[in-house]
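S.K.:
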Ligand code: PLP
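Numbering (the UniProt record's numbering), first residue to last: 1 to 261.
1) Measuring only the C-alpha atoms, how far is residue 5 from residue 208?
2) If contacts are defined as beta-carbon pairs under 8 Å, then residue 58 and residue 18 qualify, I think. What distance do you get, rounded to the angstrom?
3) Mind checking whether the beta-carbon of residue 173 lies closer than 7 Å to any heavy atom of the ligand PLP?
4) Would you mind reading off the limits of the alpha helix (DSSP H) that contains residue 56?
5) Answer with buried or exposed for residue 158, where buried requires no fewer than 16 other C-beta atoms within 10 angstroms of its C-beta.
6) Check the C-beta distance from residue 128 over to residue 86 and give it rounded, since I have them as a contact under 8 Å.
7) If contacts are defined as beta-carbon pairs under 8 Å, then residue 169 and residue 76 qualify, I think. What distance do you get, rounded to the angstrom?
8) Based on Cα-Cα distance, which residue from 81, 67, 50 lies nearest to residue 95?
9) Closest to residue 138 by CA distance: which of 187, 100, 182 is it?
10) To which residues does DSSP link residue 9 through a beta bridge?
11) Classify residue 119 as buried or exposed, calling it buried when 16 or more other Cβ atoms lie within 10 Å of its own Cβ.
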């Protein structure tokens, strides 16, 4: 039977990130994607023009509509924008039988626009991260969540440990923002003591819009199909690496990656 996936995230009118990236990835990886919209952004490859959050009650209604009907195999959260939306999402998810939950702690778009209000960080840490099967921060996000400055692999390790103490089951910290010219190194650590690094050659491209969303969505799809967290992360890394290599070259700014399995 087809596995059902759910994304709780923002819309990117440019189609490269957010809900659109998630649904395309869910489809490419042979799952049936459902969605609950948290915000609408007017956006293209050059940047974010405007952001309009959705009423928290409407976010809840969308999640309920999906979960009352479908057996969801795994879900992810992306842009959540406010503490009110985060609390509403956490309270709603707690009312349903649990499934693997991937939390991509989206904060700032590449162009610098804020996708999460400053006062929502505590709600993210206290309400949502404890529900996470997997947290997928990049380095700037891990720095905000932990208050640490992350410059080395040793820093990444201690930040990951601190994130696990917030109550998530596992963390994959994406190393793409570290200043290494040649390699990007992602770190995986679980509360059970599993640990591995994924080192990849840096791809010279400007088409990296939505890579975080796509990576987290690919993990979610693999989890929905029954993979272990470790295998889901490794498969999703291969998927995103190929998607970056295969960038479409459309738009005038940071173009989208190519969603092909
Ligand atoms: N817009 C939305 C709605 C998103 O969810 C995200 C993802 O994290 C972004 C934009 C950011 O995309 P990027 O930083 O890859 O350009």
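The beta carbon of each residue, even a glycine, is placed where N, CA and C say it ideally should be.
M.R.: This is what the structure gives:
1) Taking the first residue of the chain shown as position 1, residue 5 is located at position 5. Taking the first residue of the chain shown as position 1, residue 208 is located at position 208. Residue 5 and residue 208 have their C-alpha atoms spaced approximately 24 Å apart.
2) In the chain shown, residue 58 corresponds to position 58, counting from 1. In the chain shown, residue 18 corresponds to position 18, counting from 1. With a Cβ gap of about 17 Å, residue 58 and residue 18 do not count as contacting.
3) Counting from 1 along the chain shown, the entry for residue 173 is found at position 173. Checking every heavy atom of the ligand PLP against the Cβ of residue 173, none is found closer than 7 Å.
4) Start at 1 with the first residue of the chain shown, and residue 56 comes out as number 56. Run containing residue 56: 56-67, per the alpha helix (DSSP H) assignment.
5) One-based indexing of the chain shown puts residue 158 at position 158. Residue 158 is exposed by the Cβ-count criterion.
6) In the chain shown, residue 128 corresponds to position 128, counting from 1. In the chain shown, residue 86 corresponds to position 86, counting from 1. Correct: roughly 6 Å between the Cβ atoms.
7) Within the chain shown, numbered from 1, the residue matching residue 169 stands at position 169. Within the chain shown, numbered from 1, the residue matching residue 76 stands at position 76. Not a contact, Cβ separation roughly 14 Å.
8) One-based indexing of the chain shown puts residue 95 at position 95. Closest by alpha carbon: 67.
9) Along the chain shown, one-based indexing puts residue 138 at 138. Closest by alpha carbon: 187.
10) Taking the chain shown and counting its residues from 1, the one referred to as residue 9 is at position 9. 37, per the DSSP bridge assignment.
11) Taking the chain shown and counting its residues from 1, one reaches residue 119 at position 119. Exposed is the label assigned to residue 119, since fewer than 16 other Cβ atoms lie within 10 Å of its Cβ.
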